[in-house]
Amino acid sequence: MMQIYLVHPRHGKKIAMQMLEADADKKNGWTEVSADVFFNRVKAEVHKEPKPEKLKSVPGISAARMELVEQYKVKFDKAPHHRMSDASIQAALNESGPEAA
């Protein structure tokens, strides 16, 4: 018996038993994969488009605060502690690092 392994980004996995069935499924967005990919023996390459990063609007947080947090993230490669005040974040951004000494 013939088994054709198919995957779909929304509907998951299925096995077609006839080539005619598989051809019809391929027209509806299904992709044929090997048995190793189907049974997760190897990782399949997923073709997802990266989502653009954007500042999230958070109720109660000003745009100026959001901008300070983003500057902090760029400089220190991590978010500031959630209890840091705007003044503390600004002071940390204004401090010269060890490379300036």
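Under the working numbering, residue 103 is the last one in the sequence shown; the count climbs by one each step, no gaps. Backbone N, C-alpha and C define an ideal beta-carbon position, used for all residues, glycine too.
Please report the distance separating the alpha-carbon of Arg85 from that of Val76.
Your numbering for residue 85 matches position 83 in the sequence shown. Your numbering for residue 76 matches position 74 in the sequence shown. When rounded, the distance between both Cα atoms is 19 Å.
Straight-line gap, Ala103 to Gln92 (C-alpha atoms, nearest Å)
Here residue 103 refers to the residue found at position 101 when the sequence shown is read from its first residue. Here residue 92 refers to the residue found at position 90 when the sequence shown is read from its first residue. For Ala103, the predicted structure reports a pLDDT of 43, less than 50, and the residue's modelled location is therefore unreliable. A value from the coordinates is still provided. Going from the Cα of Ala103 to the Cα of Gln92 covers about 20 Å.
Identify whether Ile63 lies in helix, strand or coil by the three-state DSSP scheme.
Along the sequence shown, read from residue 1 onward, the residue named residue 63 stands at position 61. Coil.
Span of the beta strand (DSSP E), counted from its first residue to its last, around Lys16
For the purposes of this step, residue 16 is taken as residue 14 along the sequence shown, with counting starting at 1. According to the DSSP assignment, Lys16 belongs to the beta strand (DSSP E) that extends over 14–18.
With DSSP as the reference, please indicate the residues paired to Tyr7 in a beta bridge.
As a first step, residue 7 is located in the sequence shown; it is residue number 5 there, counting from the start. In the DSSP assignment, Tyr7 is bridged to Ile17.
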